[in-house]
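A quick write-up on the structure given underneath.
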Amino acid sequence: MVKTQMDRRSKRRELPQKGYTQLLQGNRLATARATNVDMHVKHCFEVCRYVKRMKAGEAIAFLNEVLRIDSDRADVRRKAQAVPFRLGSGNKKKKRNGPSMVGHRKGGVGPGRYPVKASRAIIKLIESAMENARHQYEDVEPEDMEITHIAAHRGQIKRGFIPRARGRATPSNHYRVNLEVFLEDFTVQDDELEDDF
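Using our numbering, read the sequence shown as starting at 5 and increasing by one per residue.
Have a look at this one:
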């Protein structure tokens, strides 16, 4: 019996969704994608996990709060809102899961950080999807569309080396991220249901 190697994409080759990891299914769907963005992957994971299922306008307002400095002193650069960090190696000795090196933040967030670079990139991505929605559908308010899918995947690694003494070299790599977002409008479906009754 001969085993044949099947391409993973061969099942979905007929669908027009080049570059996306999810099926593009929905009545009023707007998408946007960013590839090979140079930033921390784990920060993007956490921001995407927290922002999912929010309205697009709410997500942008929250991420702007992450960027805003909430201090009247010039030497203190405390941010206004923290992003909760849930993934991490945890503490193996105490048999505790979760991020072990991340401190607790104000406002009942628990372990969290202020990922500025990731927040800026995701704001730009959501605004791009909102612009795509404005071009595709005339009667849609993009701020009220819901983020049904947002994901960060590891991208290409830009390899580099730092030369050291005696002919040695230390790797100095840049890890990149691929981001994607789907916005969907559910207000039209709600109006149609009301008309049926």
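For each residue, glycine too, the CB sits at the ideal point set by N, CA and C.
Here the structure is a predicted model, which means the values were calculated and not measured.
Query	Result
Under the three-state reduction of DSSP, which class applies to VAL55: helix, strand or coil?	helix
Residues in its own chain within less than 7 angstroms of PHE190 by CB, not counting five upstream and five downstream?	GLU150
Which residue comes first and which comes last in the beta strand (DSSP E) that contains HIS157?	150-162
Work out the CA separation of PRO175 and GLY30 for me, nearest whole Å.	44 angstroms
Figure out for me which residue from ALA156, HIS44 and ALA169 has the closest Cα to the Cα of ARG37.	ALA156
Quick one: grab the DSSP three-state call for ASN40.	strand
Just the Cα atoms here: how many angstroms apart are LYS22 and THR35?	12 angstroms
Inspect the beta-carbon positions of GLU184 and TYR24 and report whether they are closer than 8 angstroms.	yes
Tell me whether ARG72 sits in a helix, a strand or coil according to DSSP, three-state version.	coil
Counting Cβ pairs, one atom from each stretch, are 3 or more of them under 8 angstroms apart for the region 110-130 and the region 161-172?	no
Go through its chain and collect everything with a Cβ distance to ALA137's Cβ below 7 angstroms, but skip five positions before and after it.	ALA34, VAL144, PRO146, MET149 and LEU187
So what's GLY112 in DSSP terms, helix, strand or just coil?	coil
For the putative contact between ASP76 and ARG82, defined by C-beta atoms under 8 angstroms, what is the C-beta separation to the nearest angstrom?	Going by Cβ atoms, the distance from ASP76 to ARG82 rounds to 10 angstroms, so no, they are not a contact pair.
How would you label GLN85, buried or exposed, when you count the other beta carbons within 10 angstroms and need 16 or more for buried?	buried
Answer yes or no: do GLY92 and VAL113 have a C-beta to C-beta separation smaller than 8 angstroms?	no
When DSSP labels each residue in this structure, what does GLU145 get in the three-state scheme?	coil
My understanding is that VAL87 touches GLY116, with C-beta atoms under 8 angstroms, so please give their C-beta distance in whole angstroms.	6 angstroms
Excluding the 5 residues flanking MET43 on each side, which residues of the same chain have their C-beta closer than 7 angstroms to its C-beta?	LYS121, ALA122, ALA125 and VAL181
Can you give the beta carbon distance from ILE154 to VAL55, rounded, assuming they're within the 8 angstroms contact cut?	6 angstroms
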